[in-house]
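First up is the structure itself, then whatever we jot down about it.
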Amino acid sequence: MFNSLGPGARGASVLDLFAGTGALGIEALRRGAAHVVFVEHDAARARAIEEQLERDGLASRGVVQCLDASVAAQRLAADGAAFHLILLDPPYGEGRLTRAVAAAAAVLRAGGLIVAEGHWRDRPELPPGLVVAREAKYGETVLWFIRPAATQDP
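Numbering of the sequence shown is given in the working numbering, commencing with residue 141 and proceeding in unit increments.
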């Protein structure tokens, strides 16, 4: 994913909406992201992300929220938050990707990018104003690079 983004994470504000282990957001920090908000609903995983950020010396640039992804996106939008890069890797096959993209759209900066990962069968339906700028398939996994419709391809 990050090889495809090139320097796209450098200086960016990033939202890792289904953080899991935090690997994607931590990689964004390692590649120069200014700040990452990690959203993980499982309390044990959220604590593990916080501990990993501490161990890696990245805690000052990362915030972990232990919330449902939709709730977190709504709260972030209400607070006026906006992100350059939003990473979505929800559990496969549960129908969450379309809802996650819609939630992410509410906190995407103009000219920003959503990178959604899922099984090829989970192709998200996009809300108005967003387009798939690029699609990369790796076996049964697909990365969808989603931008506002008026933005150039990545």
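Every residue, glycine too, gets a C-beta built ideally from N, C-alpha and C. Just so it is clear, the structure is predicted and the values come from calculations on it, not from any experiment.
DSSP bridge partner residues for residue i (one or two, in chain order)
i      : result
SER210 : The partner list for SER210 (beta bridge, DSSP) is empty, contrary to what the question assumes.
HIS224 : Per DSSP, none; premise fails for HIS224.
GLY258 : VAL282
ALA276 : LEU283
LEU253 : LEU225
Nearest residue (CA-CA) to residue i, options the options
i      : options                           : result
LEU157 : GLY233, GLY258, SER210 and VAL271 : SER210
PRO264 : ALA152, ARG249, LEU225 and ALA242 : ALA242
ALA240 : GLY252, GLN214, GLU280 and ALA222 : GLN214
ARG201 : LEU227, ALA152 and PRO230         : ALA152
Residue i, buried or exposed, once every other Cβ within 10 Å from all chains shown has been counted against 16
i      : result
GLN292 : Its pLDDT being 49, under 50, GLN292 is placed unreliably in this model, and the value from its coordinates should be taken loosely. Exposed.
ASP262 : buried
TRP260 : exposed
PRO230 : buried
Pick out the complete beta strand (DSSP E) segments inside the segment 152-222, 3 residues or longer, and give them in chain order.
Listed in chain order, they are 153-156, 175-179 and 202-205.
Cβ pair count under 8 Å reaching 3, the segment 243-254 against the segment 275-283:
Not touching, per the Cβ criterion.
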